[in-house]
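Residue numbers (the numbering used here): 2 to 165.
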């Protein structure tokens, strides 16, 4: 019985590369000389920390970072969960951006409901942080991928492990 998995994974190498490029651009900008403007990646905690002297500068750093992330991996900024802006020593600020990996329960249930409501002849099950879809024909599975791609646009999804 043909099947495939719907997953949400981030290419950490591409993300690290994008953050390195953004950090280099921030270091070279004239208006950021002598400030604490910076961006850091914590690969173990899956967080990106953005530093700045003010809220405005924090936004400027993000305006450099986000296009670089989008160049390396499409829709990668949609998986970021923005934390609160925190005051650090004096008037400096920082913000932690959490990288969400895997499909959360709510989104998985939404995907399964979408597939069941579409009346396609497939079965969808939640397996950890992935959704496995299986059906009798390959064409029906491809229709399912097209349906989910068209409907779920607010979170990046990949379709892997397609088996005949």
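The beta-carbon is built from N, C-alpha and C at its ideal position, and this holds for glycine as well.
Beta-carbon proximity list for residue i, same chain, < 7 Å, skipping 5 on both sides
{"i": "residue 71", "result": "77, 78"}
{"i": "residue 26", "result": "65"}
{"i": "residue 10", "result": "102, 159"}
{"i": "residue 123", "result": "116, 134, 135, 136, 141, 142, 145"}
{"i": "residue 86", "result": "56, 59, 94, 96"}
{"i": "residue 23", "result": "40, 65, 66, 69"}
Nonlocal neighbours in the same chain, by C-beta distance under 6 Å from residue i, ignoring five residues either side
{"i": "residue 161", "result": "6, 8"}
{"i": "residue 74", "result": "12, 15"}
{"i": "residue 154", "result": "none"}
Three-way DSSP call (helix, strand, coil) for residue i in this model
{"i": "residue 28", "result": "helix"}
{"i": "residue 107", "result": "helix"}
{"i": "residue 23", "result": "helix"}
{"i": "residue 88", "result": "strand"}
{"i": "residue 114", "result": "helix"}
{"i": "residue 156", "result": "coil"}
{"i": "residue 69", "result": "helix"}
{"i": "residue 43", "result": "strand"}
{"i": "residue 102", "result": "coil"}
Status (buried if at least 16 other CB within 10 Å, exposed otherwise) for residue i
{"i": "residue 96", "result": "buried"}
{"i": "residue 88", "result": "exposed"}
{"i": "residue 131", "result": "buried"}
{"i": "residue 34", "result": "exposed"}
{"i": "residue 169", "result": "Past the edges of the chain, shown from 2 to 165, lies residue 169, and the structure says nothing about it."}
Among the options, the one whose alpha carbon lies nearest that of residue i
{"i": "residue 83", "options": "46, 153, 50", "result": "50"}
{"i": "residue 142", "options": "164, 30, 57, 92", "result": "164"}
{"i": "residue 126", "options": "47, 139, 108", "result": "108"}
{"i": "residue 90", "options": "57, 119, 52", "result": "52"}
{"i": "residue 39", "options": "47, 30, 3", "result": "30"}
{"i": "residue 144", "options": "132, 121, 115", "result": "121"}
{"i": "residue 32", "options": "4, 44, 57, 68", "result": "57"}
{"i": "residue 150", "options": "123, 115, 137, 124", "result": "115"}
Closer than 8 Å to chain C by CB, residue i
{"i": "residue 21", "result": "Among the chains of the structure shown, chain C does not appear; only one protein chain is present."}
Rounded Cβ spacing between residue i and residue j (contact assumed at less than 8 Å)
{"i": "residue 37", "j": "residue 60", "result": "Going by Cβ atoms, the distance from residue 37 to residue 60 rounds to 15 Å, so no, they are not a contact pair."}
{"i": "residue 119", "j": "residue 98", "result": "Their Cβ separation, rounded to whole angstroms, is 34 Å, which puts residue 119 and residue 98 out of contact at 8 Å."}
{"i": "residue 100", "j": "residue 80", "result": "6 Å"}
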